[in-house]
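Peer 1: Using the numbering used here, the first residue of the sequence shown is number 594, and each one after it goes up by one.
Would you mind keeping the following structure in view while I ask a few things?
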Amino acid sequence: MNSPARPVFRFAPSPNGELHLGHACSALLNSDLAAALRGRLLLRIEDIDITRCTPAFEAALLRDLAWLGIGWEEPVRRQSEHFGEYRVLLQRLIDEELVYPAFMSRGEIRAHIAQVETSGARWPRDPDGAPLYPASDKTLSRAERQRRIDSGMPFAWRLDMDAALARVAAPLSWQEFSDMTLAGAETVAARPQDWGDVVIARREIPTSYHLSVIVDDALQGISHVVRGRDLYFATAVQRLLQTLLGLPEPRYFHHRLILGPDGRKLSKSLGDSGLAALRANGVTPEEIRRMVGL
Numbered sequence: 594m595n596s597p598a599r600p601v602f603r604f605a606p607s608p609n610g611e612l613h614l615g616h617a618c619s620a621l622l623n624s625d626l627a628a629a630l631r632g633r634l635l636l637r638i639e640d641i642d643i644t645r646c647t648p649a650f651e652a653a654l655l656r657d658l659a660w661l662g663i664g665w666e667e668p669v670r671r672q673s674e675h676f677g678e679y680r681v682l683l684q685r686l687i688d689e690e691l692v693y694p695a696f697m698s699r700g701e702i703r704a705h706i707a708q709v710e711t712s713g714a715r716w717p718r719d720p721d722g723a724p725l726y727p728a729s730d731k732t733l734s735r736a737e738r739q740r741r742i743d744s745g746m747p748f749a750w751r752l753d754m755d756a757a758l759a760r761v762a763a764p765l766s767w768q769e770f771s772d773m774t775l776a777g778a779e780t781v782a783a784r785p786q787d788w789g790d791v792v793i794a795r796r797e798i799p800t801s802y803h804l805s806v807i808v809d810d811a812l813q814g815i816s817h818v819v820r821g822r823d824l825y826f827a828t829a830v831q832r833l834l835q836t837l838l839g840l841p842e843p844r845y846f847h848h849r850l851i852l853g854p855d856g857r858k859l860s861k862s863l864g865d866s867g868l869a870a871l872r873a874n875g876v877t878p879e880e881i882r883r884m885v886g887l
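Right, here's the structure in full:
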């Protein structure tokens with residue numbers, strides 16, 4: 594008789610800045626749950642943003658994790674080393690006409706939306722508050738798309754949300770654990786249409802967060818995705834892609850966010866106090882645990 598598979602967790606930071614208390618909360622929670630459930634903990638370096646992610650930041654985050662007392666299985670998966678795997682699945686989406694090349698620049702998008710909103714209509718926004726991508730590129734002929742690509746115009750591959758949803762037979766959902774004990778889960782209805790035609794890849798990088806995360810979770814056998822609440826609604830897009838590509842569905846727990854004194858989410862880009870600075874000021878790993886409520 595085969596024994597049940599061990600649960601597999603992962604912590605997946607991006608090396609584009611210093612780790613902060615929010616990262617510590619997620620890393621420690623994944624580590625604690627893996628230990629409690631006799632599971633495995635993997636470390637993934639999400640470095641597809643090759644302009645902002647650096648070896649120095651990666652080395653720093655590895656030091657921070659070791660200082661916190663977190664251990665993980667080797668080898669570490671670095672997304673920048675696996676572009677070929679993402680390209681294969683991207684090509685499937687292209688061949689099935691589920692993505693299209695989108696050429697509008699940020700400035701053109703803003704101008705288009707501003708023109709529409711002068712009439713008093715409000716342009717639709719995604720759950721993060723960003724405006725949805727205009728549908729004008731979907732009307733371009735195949736020949737015009739190819740002409741623009743051949744001329745070197747920058748573009749992104751965007752998911753044709755209407756075409757993608759038409760391929761899905763049953764309503765989409767995911768299993769969400771109700772608390773950090775992972776004792777019980779509820780079914781959450783997924784609404785990927787709220788995100789519009791999201792970016793799936795770029796001309797120079799054959800993936801995006803949405804695509805690479807589902808590919809990595811499948812290839813690494815991730816059974817439990819434990820991450821911050823800020824990614825709760827994005828799970829809908831990932832469930833759609835998992836369904837389109839025939840990839841397995843993990844179960845999810847989106848933990849509370851650690852907020853700064855002003856009530857905003859901690860961010861690398863906004864200069865919040867990082868773990869390295871806290872360590873330099875004499876804070877101990879045990880105190881970090883108390884600070885994040887573990």
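Where a beta carbon is used, it is the ideal one built from N, C-alpha and C, also for glycine.
If you scan the segment 714-767 from start to end, which runs of the alpha helix (DSSP H) of 4 or more residues do you find wholly inside it?
Peer 2: Those alpha helix (DSSP H) runs which fall completely within the segment 714-767 and span 4+ residues are 735-743 and 754-759.
Peer 1: State the Cα-Cα distance for the pair P799 and S607, rounded to the nearest angstrom.
Peer 2: Taking the first residue of the sequence shown as 1, we reach residue 799 at position 206. Taking the first residue of the sequence shown as 1, we reach residue 607 at position 14. Computed Cα separation, rounded: 17 angstroms.
Peer 1: Where does A782 sit, in a helix, a strand or coil, going by DSSP?
Peer 2: Translated into the one-based positions of the sequence shown, residue 782 becomes position 189. Reduced to three states, the DSSP call for A782 is strand.
Peer 1: Which of the three DSSP states, helix, strand or coil, is assigned to H817?
Peer 2: Position 224 of the sequence shown, counted from the start, is the residue given in the question as residue 817. Note: H817 maps to strand in three-state DSSP.
Peer 1: Count the other CB atoms within 10 Å of the CB of M746; is the residue buried (16 or more) or exposed (fewer)?
Peer 2: As a first step, residue 746 must be located in the sequence shown, where it is residue number 153. Under this definition M746 is an exposed residue.
Peer 1: Out of S624, A714, I815 and I687, which one is the CA nearest neighbour of A659?
Peer 2: Position 66 of the sequence shown holds residue 659. Out of S624, A714, I815 and I687, S624 has the C-alpha closest to the C-alpha of A659.
Peer 1: Nearest by alpha-carbon distance to E842: which of L630, S805 and D810 is it?
Peer 2: Here residue 842 refers to the residue found at position 249 of the sequence shown. Of L630, S805 and D810, the residue nearest in Cα terms is D810.
Peer 1: Out of L622, R599, A598 and F604, point me to the one whose CA is closest to G886's CA.
Peer 2: Counting from 1 along the sequence shown, the entry for residue 886 is found at position 293. Of the candidates L622, R599, A598 and F604, the one whose C-alpha sits nearest the C-alpha of G886 is L622.
Peer 1: How many angstroms separate the CA atom of E667 from the CA atom of I641?
Peer 2: Against the sequence shown, residue 667 aligns to sequence position 74. Against the sequence shown, residue 641 aligns to sequence position 48. Near 20 angstroms, if we compare the C-alpha coordinates of I641 and E667.
Peer 1: Under 8 angstroms, with one C-beta from each stretch per pair, do the segment 754-772 and the segment 696-715 reach the 3-pair mark?
Peer 2: No, they do not touch.
Peer 1: DSSP puts P694 in a beta bridge; with which residues?
Peer 2: Residue numbering aside, residue 694 sits at position 101 when the sequence shown is read from its first letter. Beta-bridge pairing links P694 to W750.
Peer 1: Can you check the segment 628-691 for any alpha helix (DSSP H) of at least 4 residues that lies completely inside it and give the ranges in chain order?
Peer 2: Segments of the alpha helix (DSSP H) lying fully in the segment 628-691: 648-661 and 676-688.
Peer 1: Just to confirm the assignment, what range does the alpha helix (DSSP H) spanning H613 have?
Peer 2: Against the sequence shown, residue 613 aligns to sequence position 20. Segment: none, H613 is in no alpha helix (DSSP H) and carries neither H nor E.
Peer 1: Rounded to a whole number of angstroms, what is the C-alpha to C-alpha distance between H803 and P694?
Peer 2: As a position in the sequence shown, residue 803 is number 210, starting the count at 1. As a position in the sequence shown, residue 694 is number 101, starting the count at 1. Rounded to the nearest angstrom, the two C-alpha atoms are 17 angstroms apart.
Peer 1: Starting from I807 and walking both ways along the alpha helix (DSSP H), at which residues does that stretch end?
Peer 2: As a working mapping, residue 807 is identified with position 214 in the sequence shown. Note, I807: alpha helix (DSSP H), Y802 to L812.
Peer 1: Please state the DSSP three-state secondary structure of L908.
Peer 2: No answer is possible for residue 908: it lies beyond the span of the chain, which begins at 594 and ends at 887.
Peer 1: What's the C-alpha gap between D719 and V791?
Peer 2: Within the sequence shown, residue 719 is the residue found at index 126, counting from 1. Within the sequence shown, residue 791 is the residue found at index 198, counting from 1. Approximately 10 angstroms between the Cα atoms of the pair.
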